[in-house]
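Residue numbering for the sequence shown follows my numbering, beginning at 1 and increasing consecutively.
By construction, the Cβ of each residue, glycine as well, lies at the ideal position given by its N, Cα and C atoms.
No experiment lies behind these values; they were computed from the predicted model shown.
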Amino acid sequence: MSGTQVATSEAQPLTIKSPSNSVPDGKNEEDTMVMSPSCRWKRIQRPSRMIHAILIILLIILLLLLLITTGLAVYYGHAYTRCANTPQGGDRHRLKSDKFHDVLFSDRISGEYRRLHAKNVRLPYTVFPRFYNLRLQVHLNSGDPTDFFFNGSSVVKVQCMNSTNELFVHAYSTLNVSVQNIGITRLAPNGSESENISIRNISYNDDLQWYHILLDEKLEENAFYIIRFGAFRAPLTNELKGWYLSSYYEKGVKKYLATSQLQPTDARRVFPCWDEPAFKAQFQVTLLREKPYHSLSNMGLRESIPIDDKWVADVFEPTVNTSTYLLAFVVSQFASLTGKDSKGRNFTVWTRPEKIGEAKYALETGMKIIRFFEEYFEVPYPLEKTDMIAVPDFAAGAMENWGLMIYREATMLWDPRVGTANSQQKVASVISHEIAHQWFGNLVTLNWWDDLWLNEGFASFIECIGVDHVHPEWGMDEQFLLDDMQKVLISDSLATSRPVFQPVYYPNEINEIFDPISYNKGASVLRMMESFMGRDAFRLGLKNYLSKHKFKNTVHDDLWRSLTEAALSVGKQVDVKSVMDTWLLQMNYPIVTVARVGPKLFRFEQAHYLDPPDSKAPKNPSSYGFQWQIPLTYGAPEMTNWDDNEVIWLRNKSMTTELSIKPDSWYIFNIKQAGFYRVHYADSNWELLTKQLIADHKAIPLHSRTQILDDLFSLANRGNVSYTVFLNLTKYLRKEDSYVAWETARRALAFVQRMLAVDSSYGLFSAYLRGLVDEQIRLIDWTTMQEDTNHMQHMLRWTIAKFACKTNHYLCVNKAKELYNNWMTNKTGNLIPPSLRATIYCSAIQWGGQREWQFLWDRLSEEKREEELVNMRTALACTRDMWIMKSFVKKMFSSLSDPTDLVDVITYLTYNPLGHVVLWDYIREAWRQTIDDKTNDTTKGLTPMPPVNAILKILSKKHYTLNNIPLSEEILALEHASQGTTESSILQRSFQELFRRNEQNMVWTKKHLHAINKWLEEHVSDRNALT
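Next up, the structure:
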């Protein structure tokens, strides 16, 4: 049976009248929806029943033409009556159908236009689906994979909430729906189907991605109806959206699987549906697959029904009330491991057979975390089974589909024999994140995507609590500062940032807010809230919120009410909404300046923190005037319990208060860096803290040491303090032995090192860094291979080795050469410890030649593990030989088809100053080819554009050296060459960002270089020390 044939299983009755599950070949265009990119609207009519409708439409068109000639302003196209929250018969908004593509997807469309027309994007709340009977059949034949497809049918029980004669149902343009098989019937009170509802017209809008079904009569309020979509079909592609095709090799044979990713708006790629989070329903899923395969979905398998010798229908239990984006379907030939969770429910992990041993850690960790979260939230997990599956091709890190979580292989699989501590922690964190979603996101779901942080912020915060339960020795709360807080404090300091709560309307806007603001800032402000409320009150509020709203949709105010009630119940007088609105509804964050103005008297001032401070006014204005309600906590030497700290509220621009801190002692504000703000001390406190750290750094808790390093580095860059204050404080690092503090310092000092890369002070600065790391690099364990114990020691050695080799410390460089050479000559394999490989490979390539580079290149084609592939590609870009670098770029750009891999390789190249030069040479050559192509009128300059766009986008985010930026005349020439291409606006934005970054680098150099040079001359005597 070929890929275009339909199995005999399609004859099996799904409803009273057996539907055809695919669109038969040879059907007329009038019968089948055809998605033509040149036609934004295509009206489909039933030939025998629509003649009168055609006449009516012609009369309407004539009337419109008459109105135009009289000077009335009208809009052309089909009119959509938007019924959401408006009386029937209200205003109708007419849209120009031939302009929709520009309106929805052009970067030039104004925000005002989007606001005015936003309600035209959302479904009306007139009809709600209550139950889908969904039948899908996947064709993974042995022929050409471009012929693979799926087909299906669905029967939907809906309830009319407000009387209407029109329906809007999402379906993506590639989903080929047989319009003649769409039907509507009324349900009698006893549940039986009664009369048919006549359909007047069906039209499709491929910009809004929905069908408009116009009826001959109005649906009755509160009545139930059945809508049948008798046949639809779509190709299985490798776009990583909807139900898509993935592949892998097993013993040299290529195998295929069908897997899904529906978040946020891609369920409509699989079947016609109400594809918004608020339209929750139950789903009865039946998957038809060939016998060598098995299938998975959200719920447990009810029964498998043989259809014939080839096909089987897997019928799954009905889902609980859920949103469309949480559905999942997988048909594969994977292997599995199964365990029982604490309540005896099946917990199963799946992956390709050759990797099933690497799934054991995920199984053990997942079962522990799901049990813990049931206890933590005190709300039961409502499903009877849990599946987690690792697929070869997946765009995100993982997806929290209810009962069937889908992961990238790198985020679920971990082999203790060769896996690093870092990758183990990543797997544990992602598993905890996705399981947390089973409560936050699945059980209680956001009403609309503008509250995405309710899903992702909560899961990002709670994931650390889950991992801490399984691995308390990892110190996940301290690591939260590294992985969440510090990163987003940088991105949220920009004038181009956005509020956490972000109104969005269009699918491309929704996708854009899956960003650090939703994830990391959302998590950070929740951690702050837990701190000022207290852990017990916070947990009580979460429990009440989940219990009250389970299986429903919410907005963030629902959460604020539950948390405020919980706080009041334990005697805390805090209005959570009034506090948190200042953090969610405005972008950026404050800097709190503290100064001792008397023996025990302190003055506090808050200001809007932007970096650089002279940035233009933010694009998102604030109704709060960029003023926050700030919870202040503090610690001092005489305090024995820093965990139980009184909260002082800074609600105005400034205040003065008396505190019990000794007049001559140091002090720290923002304990555990729980508050989402930076602290600056406008007195002698920075000097007092520096003295304490150098004398005995452990007198200050690790959270606060990390905060001091991060805040002071940021303040020095911004100009609030001299760089010498920051450099003086870093002297204490010689005795520091914590991974979190060292990694914070490494990131900061690596930035300075890059900025000095072509300055005469580079040698002195590198010598200073070698002195800082000298004691720690001598303690490094260079031999231990397995990293399943002593987790934090392995994390520390990764950071120390990376830092030491980057500064060219002789111990690290020599050891790297030795270990790499042993690998080259060792017949038994690679004995370099996994967490050290990226550093050792890079150093060996940097200080080696063609022989070392070619050896690693040859290993690249043999390697299958994703983590090791990243190590190798990163290291290959470390060469100091121009011709080798150019050869590497050419090979990578010609061989990589995966856009993600291409972006990664470009990023690796930007770590090396030589890589910038080669990338610019590539851009110049690409544009010469572009000009030639345009002159010859062949490809119109499009061939080299994708990699050039990727290069410019990545370069624009890097603090690279000024010498690598082309002359402005050359930039203008490149811009001119791009005119007439579809990517010209992208290139212009990238060039603008390059110039902006260039200007920032020049300002940084002018502001800080002299002070850094002077400090280095005073503190470093030998630039060749330890080399």
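Look at the alpha carbon of Tyr810 and the alpha carbon of Leu909, and state the distance between them as a whole number of angstroms.
Using only the alpha carbons, I get a separation of about 24 Å.
Taking DSSP's pairing of strands, which residues face Ile845 in a bridge?
Per DSSP, none; premise fails for Ile845.
Using 10 angstroms around the beta-carbon of Ile1012, count the other beta-carbons present and answer buried if the total reaches 16, otherwise exposed.
It is buried - the Cβ of Ile1012 has at least 16 other Cβ atoms within 10 Å.
Please state the DSSP three-state secondary structure of Ser194.
The answer is strand: DSSP assigns Ser194 an E or B state.
For the region 853–873 against the region 828–844, do three or more pairs of beta-carbon atoms, one drawn from each stretch, fall closer than 8 Å, so that the two count as touching?
At 8 Å Cβ cutoff, the stretches touch.
Going residue by residue through the region 342–411, where are the continuous beta strand (DSSP E) segments of at least 3 residues, counting only ones entirely within it?
Here the runs fully enclosed are 346–351, 385–391, 404–408.
Do the region 380–388 and the region 467–484 make contact, defined as three or more Cβ pairs closer than 8 Å?
No: fewer than three Cβ pairs fall under 8 Å.
Ignore the nearest five residues each way along the sequence and tell me which others in Arg596's own chain have a CB closer than 7 Å to its CB.
The answer, listed in chain order, is Phe602, Asp683.
Roughly how many whole angstroms lie between the Cα atoms of Ala875 and Gln753?
Between Ala875 and Gln753, the C-alpha separation is close to 19 Å.
Under DSSP, the alpha helix (DSSP H) around Asp774 begins and ends at which residues?
Looking at the DSSP string, the run of the alpha helix (DSSP H) that includes Asp774 is 762–777.
Give the range of the beta strand (DSSP E) segment to which Phe316 is assigned.
Element bounds for Phe316: 311–316.
Under the three-state reduction of DSSP, which class applies to Ile1012: helix, strand or coil?
In this structure, Ile1012 counts as helix in the three-state DSSP scheme.
When you compare the CB positions of Ile199 and Ile182, do they come within less than 8 Å of one another, or not?
Yes.
Would you mind sorting Ala617 into buried or exposed? The rule is 16 or more other CB atoms within 10 Å of its CB.
Flag for Ala617 reads exposed.
What is the DSSP secondary structure of Val948, reduced to helix, strand or coil?
If DSSP states are grouped into helix, strand and coil, Val948 belongs with the helices.
Just to confirm before moving on: does the CB-CB distance between Leu257 and Ser246 stay below 8 Å?
Yes, the Cβ-Cβ distance between Leu257 and Ser246 is below 8 Å.
Note the first and the last residue of the continuous alpha helix (DSSP H) segment covering Leu166.
Per the sequence presented here, residue 166 reads as Glu, with Leu not at that position. Where Glu166 is concerned, there is no enclosing alpha helix (DSSP H), although the beta strand (DSSP E) it sits in stretches over 164–170.
Could you tell me which of Ala459, Pro353, Pro472 sits nearest to Leu413, measuring between CA atoms?
Leu413 has its Cα closest to that of Pro353, out of Ala459, Pro353, Pro472.
By Cβ distance, which residues of its chain are closer than 6 Å to Trp583, with the 5 residues on each side in sequence left out?
Within the same chain, Trp583 has close Cβ partners Val525.
For the region 185–192 against the region 129–145, do three or more pairs of beta-carbon atoms, one drawn from each stretch, fall closer than 8 Å, so that the two count as touching?
Counting Cβ pairs under 8 Å, fewer than three are found: no touch.
Between the region 359–372 and the region 429–436, do at least 3 Cβ pairs fall closer than 8 Å?
Judged by Cβ distances under 8 Å, the region 359–372 makes contact with the region 429–436, as three or more pairs qualify.
Could you spell out where the beta strand (DSSP E) holding Ala234 opens and where it closes?
Looking at the DSSP string, the run of the beta strand (DSSP E) that includes Ala234 is 224–235.
Quick one: what's Glu818 bridged to in DSSP?
According to DSSP, which records beta bridges pairwise, Glu818 is partnered with nothing at all.
In chain order, what are the residue ranges of uninterrupted alpha helix (DSSP H) at least 4 long that sit wholly in the region 570–626?
Fully enclosed alpha helix (DSSP H) runs of 4 or longer: 576–584.
Look up Cys160 in the DSSP assignment and give the residues it is bridged to.
In the DSSP output, where bridge partners are listed per residue, Cys160 has Val127.
Thr724 lies in the beta strand (DSSP E); which residues open and close that run?
No beta strand (DSSP E) holds Thr724; the alpha helix (DSSP H) holding it covers 723–730.
Determine whether the beta carbon atoms of Leu215 and Asn165 lie at a separation below 8 Å.
The answer is yes: Cβ separation under 8 Å.
Cα separation between Val177 and Arg233?
Distance between the alpha carbons of Val177 and Arg233 is about 7 Å.
Does DSSP put Asn641 in a helix, in a strand, or in coil?
Reduced to three states, the DSSP call for Asn641 is coil.
In the DSSP assignment, find the alpha helix (DSSP H) that holds Leu712 and state where it starts and stops.
702–718 is the span of the alpha helix (DSSP H), which, as asked, contains Leu712.
Is DSSP giving Trp210 helix, strand or coil here?
It is a strand residue.
By DSSP's criteria, Arg135 is part of a beta bridge. Which residues make up the other side?
Ser153, Thr286.
Beta-carbon separation of Met299 and Glu276 under 8 Å?
No; because the gap between Cβ atoms is not below 8 Å, this pair is not in contact.
Please check the pair Asn222 and Cys273, which I expect to be a contact at CB under 8 Å, by giving their CB distance rounded to whole angstroms.
Actually they do not touch by this definition, with Cβ atoms about 22 Å apart.
What are the start and end residues of the alpha helix (DSSP H) that includes Phe329?
Unbroken run through Phe329 is the beta strand (DSSP E), 329–332; no alpha helix (DSSP H).
My guess is that Ala313 and Leu288 are in contact by the Cβ rule of under 8 Å, so how many angstroms apart are they, rounded?
The Cβ separation is near 5 Å, so the contact holds.
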